[in-house]
Ligand code: PGA
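In this note's numbering, the protein residues as written are 743 to 994.
Here is the structure:
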């Protein structure tokens, strides 16, 4: 059985104390023993707390990821953070292509392409998000949209380059809304994504690929998603901000 990946995307919510106490509480629980089958835990705090978070989790089964970096390596980009800066504090995981970045911060596929190149240059593990809008799904365009999102970005790279990658399928209409796709809808999209990887990179890559679902996962519905054949974990927003909910998701 493939290892499941559970990612907490804290977005712009937790301050220093919230971040540290949540991670410390998680460490206290001795998750290694509690988690019944193998799960990889990744927490994505905000920039100012990445360094300390990474120090605190050292030697544990908790990993830290950044929520963003700039698409250029360095230069006159006031207020931005580069991949190299993150690398220099030991961060080597990044969430790319999140719909909030695509929509609110106008991250185009060209920008995402540059970000992937930077991630590869600095040997980051990439959590790459794709997802259709409500209108696209209503018009039955969801499969076409996801194929296009992958073709214009990830599929520009070779098998070797995309070795350290997982895909998070996050329908835009399900993020932060309390409305989820049904487990059946999620399974069929994940099956489709795996098929696209099979076509592009062959069986070995597609079998190994971890595809996560994200969009209003909570402690009650998590199990229904994680039990689907092609769902290899979850990207959790709101429910990762409540300790007991997140813990229950980990134990699902
Ligand atoms: P949500 O967010 O769980 O609050 O829907 C998911 C995400 O944005 O990754």
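Cβ atoms here follow ideal geometry from the backbone N, Cα and C, with glycine treated the same way. Being a predicted model, the structure only gives us computed values, none of them experimental.
Margin query: For residue 910, report the span of its beta strand (DSSP E) as first-last.
Written below: 907–911
Check: Within 7 Å: the Cβ of residue 801 and any heavy atom of ligand 1?
Finding: no
Notebook entry, point to check: residue 935 to residue 929, Cα distance in whole Å?
Noted result: CA-to-CA, the gap between residue 935 and residue 929 works out to about 10 Å.
Next item on the list: Mark residue 884 as exposed unless 16 or more other C-beta atoms lie within 10 angstroms of its C-beta, in which case mark it buried.
Entry: buried
Notebook entry, point to check: Using the beta-carbon count (16 or more within 10 Å), is residue 845 buried or exposed?
Noted result: exposed
Check: Looking only at C-alpha atoms, which of 797, 858 and 788 sits nearest to residue 906?
Finding: Measuring C-alpha to C-alpha distances from residue 906 to each of 797, 858 and 788 identifies 858 as the nearest.
Next item on the list: Check whether the Cβ atoms of residue 816 and residue 974 sit closer than 8 Å, and answer yes or no.
Entry: no
Notebook entry, point to check: Since residue 825 is in the beta strand (DSSP E), which residue starts that stretch and which ends it?
Noted result: From DSSP, residue 825 is part of no beta strand (DSSP E) but of the alpha helix (DSSP H) over 825–830.
Note to self: Between which two residues does the alpha helix (DSSP H) holding residue 861 run?
What the structure shows: 851–863
Margin query: Which of the three DSSP states is assigned to residue 888 in this structure?
Written below: helix
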